[in-house]
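Enquirer: I am attaching a structure below and will ask some questions about it afterwards.
Numbering (the working numbering), first residue to last: 20 to 275.
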C-alpha cells in the first residue's frame, strides 16, 4: 500500500502546496482518492493523472467532510465519468450522515439536470455510505472511521471523519480536519504505528484545526509517530526539533 500526498496545504493555499488530498494505491494497483478538493485536477495532473482516470485506474473516492477543499472537485469528476462512455462509475465512500447534505447543499445546483433530465448523486457515483465510526473494506484494505470534532458542536456537520487504515503490516491514522483532541489522539496512538495529523500554523489560531503549538504539548512518544500536514504556506517552525517526524511535503509518498 502507498499513500501520496497530492497536496499538503490548508484551504487557502498556493500551487506550491495544494489542498490536502491524498492518493492511496492498493497492492493490486487500484487507487482511492482521499478527499477531492477544489484544486484536484491540478494536483492530480502534476502526478500524471487526470479526471478521465476516475472510474478506471482511480476507482474510489473517500469524503471526510463537506468543506470545499475536500469536496470542491467532485463536480468535475461527476461530469467527466458521466459523459465518458469508457468510464465506469467511481465508488464514493462517505459517512451516511453526510450523504444527503453532500447532494442537497453542495452538488445539486450544478449536477441535478442533464439533457433535460433530473438526476441524483447515484446517477454519477456508486454511493457507498458508511455508518459513523463504522468500518469499510476496499481492495483488501480495512478502514475505520473516527469522528473528529472540526467546526464546533453547535454547527451542522460539525465533524470530519478521520481514518484508521489497516494494511498488511500494521495501521496508520489520518485525522482529515480536526480540532485538538489529545485524549482521543492518545487512544488512537496506541493502535497505530504512524499518524498524519492536520496542523494549523497561523499566528492566530482559528479554533477549527489542531494548532502547531497545541500539538507540541503532546507526549514525545506520540509526537514521534506524527507527520504534520494541512499547514499554511511557508511555515517557519522546525517540527523535527519538537520531536515530530516533520511536515509532509507536496508529492511525498509513503510506502507501507
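Cβ coordinates follow ideal geometry from the N, Cα and C atoms, glycine included. These figures come from a predicted structure and were not determined experimentally.
Measure the CB-CB distance between residue 20 and residue 192 and report whether it falls below 7 Å.
Expert: As a working mapping, residue 20 is identified with position 1 in the chain shown. As a working mapping, residue 192 is identified with position 173 in the chain shown. No; because the gap between Cβ atoms is not below 7 Å, this pair is not in contact.
Enquirer: Across which residues does DSSP place residue 81 in a beta bridge pair?
Expert: For the purposes of this step, residue 81 is taken as the residue at position 62 of the chain shown. DSSP lists 53 and 112 as partners of residue 81.
Enquirer: Please check the pair residue 167 and residue 180, which I expect to be a contact at CB under 8 Å, by giving their CB distance rounded to whole angstroms.
Expert: Here the question's residue 167 lines up with position 148 in the chain shown. Here the question's residue 180 lines up with position 161 in the chain shown. Confirmed, Cβ separation roughly 7 Å.
Enquirer: State the CB to CB distance for the pair residue 259 and residue 243, rounded to an integer number of angstroms; the pair is presumed to be in contact (CB under 8 Å).
Expert: In the chain shown, the residue the question calls residue 259 occupies position 240. In the chain shown, the residue the question calls residue 243 occupies position 224. Incorrect: roughly 11 Å between the Cβ atoms, too far for contact.
Enquirer: Please state whether DSSP places residue 151 in a helix, a strand or coil.
Expert: Taking the first residue of the chain shown as position 1, residue 151 is located at position 132. Reduced to three states, the DSSP call for residue 151 is coil.
Enquirer: What is the rounded straight-line gap between the Cα of residue 87 and the Cα of residue 178?
Expert: Counted from its first residue, the chain shown places residue 87 at position 68. Counted from its first residue, the chain shown places residue 178 at position 159. Taking the straight line joining both Cα atoms gives about 15 Å.
Enquirer: One question on the structure: do residue 146 and residue 111 come within less than 7 Å of each other, judged by their Cβ atoms?
Expert: For the purposes of this step, residue 146 is taken as residue 127 along the chain shown, with counting starting at 1. For the purposes of this step, residue 111 is taken as residue 92 along the chain shown, with counting starting at 1. Yes, these two residues count as a Cβ contact at 7 Å.
Enquirer: What's the C-alpha gap between residue 42 and residue 96?
Expert: In the chain shown, counting from the first residue as 1, residue 42 sits at position 23. In the chain shown, counting from the first residue as 1, residue 96 sits at position 77. Straight-line Cα distance between these residues: approximately 15 Å.
Enquirer: I'd like to know whether the C-beta atoms of residue 140 and residue 122 end up nearer to each other than 7 Å.
Expert: Position 121 of the chain shown, counted from the start, is the residue given in the question as residue 140. Position 103 of the chain shown, counted from the start, is the residue given in the question as residue 122. Result yes, Cβ atoms of residue 140 and residue 122 sit closer than 7 Å.
Enquirer: So the candidates are 29, 30, 33 and 51; which of them puts its Cα closest to the Cα of residue 160?
Expert: Here the question's residue 160 lines up with position 141 in the chain shown. When each option's Cα is compared against that of residue 160, the closest is 51.
Enquirer: Taking Cβ positions, are residue 220 and residue 250 nearer each other than 7 Å?
Expert: Numbered from its first residue, the chain shown carries residue 220 at position 201. Numbered from its first residue, the chain shown carries residue 250 at position 231. Contact: yes.
Enquirer: If you count every other CB in all the chains shown that lies within 10 Å of the CB of residue 109, and 16 or more means buried, which is it?
Expert: In the chain shown, counting from the first residue as 1, residue 109 sits at position 90. Buried is the call here.
Enquirer: With C-beta atoms as the reference, is residue 271 less than 7 Å away from residue 31?
Expert: Taking the first residue of the chain shown as 1, we reach residue 271 at position 252. Taking the first residue of the chain shown as 1, we reach residue 31 at position 12. No; because the gap between Cβ atoms is not below 7 Å, this pair is not in contact.
Enquirer: Going by the beta-carbon positions, is the gap between residue 248 and residue 27 smaller than 7 Å?
Expert: Numbered from 1 along the chain shown, position 229 holds the residue referred to as residue 248. Numbered from 1 along the chain shown, position 8 holds the residue referred to as residue 27. Cβ atoms of residue 248 and residue 27: closer than 7 Å.
Enquirer: Quick check on the burial criterion: 16 or more other C-beta atoms within 10 angstroms. Buried or exposed for residue 104?
Expert: Along the chain shown, one-based indexing puts residue 104 at 85. The residue is exposed, with fewer than 16 neighbouring Cβ atoms inside 10 Å.
Enquirer: Using a 10 Å radius around the Cβ and a threshold of 16 neighbouring Cβ atoms, would you call residue 239 buried or exposed?
Expert: To locate residue 239, count along the chain shown from 1; it is residue 220. Result: exposed.
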